[in-house]
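Peer 1: Here it is, the structure in full.
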Amino acid sequence: MLEKLNFELPSREHVDALLSDQSYCAELIKGDFENQCLRRVYCRTNLTLIEGVISYLKLSTYQFNQSVLHTFKNMLDLYAIQLDVPFFQDVVPLSEAQLLLDKQVAVASNGEIRSKPVFLDFKTNFKFTFQMVDRVFKMTCSPNYGSIRKEWDQLQRAVKVRNRITHPKVGVSLDISDVELDALARSAQWFLDLSGLVFSEIGESMERNQIALATSTEPLLEKALADVVKLLAVYDMGKESSNS
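Residue numbers for the sequence shown follow our numbering, so the first one is 345 and each next one is one higher.
Written out as structure tokens, the structure reads:
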């Protein structure tokens, strides 16, 4: 078990479906640019895709932290083994990782421990997700929001437009302006570029830690083999003494 990190990311079927929807709507808009119905559909599709990818990242991060990191860490602690592998340094506690499932442990009025749902607004959820990805996978992909102010502002504008047309109020326009449409398109592309980078970095981090794991466990395996040889030698000596 110390030789390999066995983990597969969850199925991306729903993410691929949302990406296909977004691409299809983008093509429709090109052929009927002034169509407000298509603009609203394009807006919803873009934000659904973004939130879908964020949800997928949260689930992947939670599963890796729970099924791999804590499983390994418990075994290492049991045998008092210290490994120079970044993945096993400062492992995120399960109580914190549970927030990735939009749940939080709480004590009910009857004294029982229960999980309660946690609802984060878009901006908070976005920042939380990428910070947790960095913590669990030992990466540095969380955006520097000061240096991407333009892209970040465009994404916030896109969210506001989506909220406006999804929860319409009397007297508030359902039309999406050219400027807003541009913000929708640019923010979606920026996010897709960012998420593509994140998935690539996750793969590279897995590879780096796999190499570090192999390097760290090699001396342990050598020692274990040496100990076995010594035990066999002692056993043979004892066997010879009993025969003589």
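C-beta atoms are modelled at their ideal positions from N, C-alpha and C, and glycine is treated no differently. Remember, predicted model here, so these are calculated numbers, not experimental data.
Is Val516 near the ligand SAH - that is, is its Cβ less than 7 Å away from at least one heavy atom of it?
Peer 2: No copy of the ligand SAH appears in this structure; indeed no ligand is present at all.
Peer 1: Output the boundary residues of the beta strand (DSSP E) element that contains Lys460.
Peer 2: For the purposes of this step, residue 460 is identified with residue 116 of the sequence shown, where counting begins at 1. Taken as a continuous stretch (DSSP letters only), the beta strand (DSSP E) holding Lys460 covers Ile457 to Pro461.
Peer 1: Taking the straight line between their C-alpha atoms, what separation do you get for Leu401 and Leu413?
Peer 2: Counting from 1 along the sequence shown, the entry for residue 401 is found at position 57. Counting from 1 along the sequence shown, the entry for residue 413 is found at position 69. The straight-line gap from Cα to Cα measures roughly 16 Å.
Peer 1: From Gln475 to Asn454, what distance separates their C-alpha atoms?
Peer 2: Translated into the one-based positions of the sequence shown, residue 475 becomes position 131. Translated into the one-based positions of the sequence shown, residue 454 becomes position 110. Going from the Cα of Gln475 to the Cα of Asn454 covers about 34 Å.
Peer 1: Would you kindly work out how many angstroms separate the C-alpha atoms of Arg356 and Ile546, rounded to a whole number?
Peer 2: The residue labelled residue 356 in the question sits at position 12 within the sequence shown. The residue labelled residue 546 in the question sits at position 202 within the sequence shown. For Arg356 and Ile546, the distance between alpha carbons rounds to 15 Å.
Peer 1: From Phe432 to Gln366, what distance separates their C-alpha atoms?
Peer 2: Mapped onto the sequence shown, residue 432 falls at position 88. Mapped onto the sequence shown, residue 366 falls at position 22. Phe432 and Gln366: Cα-Cα distance of roughly 38 Å.
Peer 1: Between the Cα of Gln442 and those of Asn350, Asp465 and Tyr406, spot the shortest distance and give me the residue it belongs to.
Peer 2: Here the question's residue 442 lines up with position 98 in the sequence shown. The shortest Cα separation from Gln442 among Asn350, Asp465 and Tyr406 belongs to Tyr406.
Peer 1: Tell me whether the beta-carbon of Pro354 lies closer than 8 Å to the beta-carbon of Ser404.
Peer 2: As a working mapping, residue 354 is identified with position 10 in the sequence shown. As a working mapping, residue 404 is identified with position 60 in the sequence shown. Yes, these two residues count as a Cβ contact at 8 Å.
Peer 1: Go to Gln407, then tell me how far its alpha helix (DSSP H) extends in each direction, as first and last residue.
Peer 2: Along the sequence shown, read from residue 1 onward, the residue named residue 407 stands at position 63. Taken as a continuous stretch (DSSP letters only), the alpha helix (DSSP H) holding Gln407 covers Gln380 to Phe408.
Peer 1: Return the CA-CA distance between Asn507 and Phe377, expressed in angstroms with no decimal places.
Peer 2: Walking along the sequence shown from the start, residue 507 turns up at place 163. Walking along the sequence shown from the start, residue 377 turns up at place 33. Going from the Cα of Asn507 to the Cα of Phe377 covers about 21 Å.
Peer 1: Buried or exposed: which applies to Tyr423, given that a residue is buried once 16 or more other Cβ atoms fall within 10 Å of its Cβ?
Peer 2: In the sequence shown, the residue the question calls residue 423 occupies position 79. By the neighbour-count rule (16 or more Cβ atoms within 10 Å), Tyr423 is not buried but exposed.
Peer 1: Quick check on the DSSP output: the beta strand (DSSP E) that includes Lys447 runs from which residue to which?
Peer 2: On the sequence shown, position 103 is the one that residue 447 refers to. Element bounds for Lys447: Lys447 to Val451.
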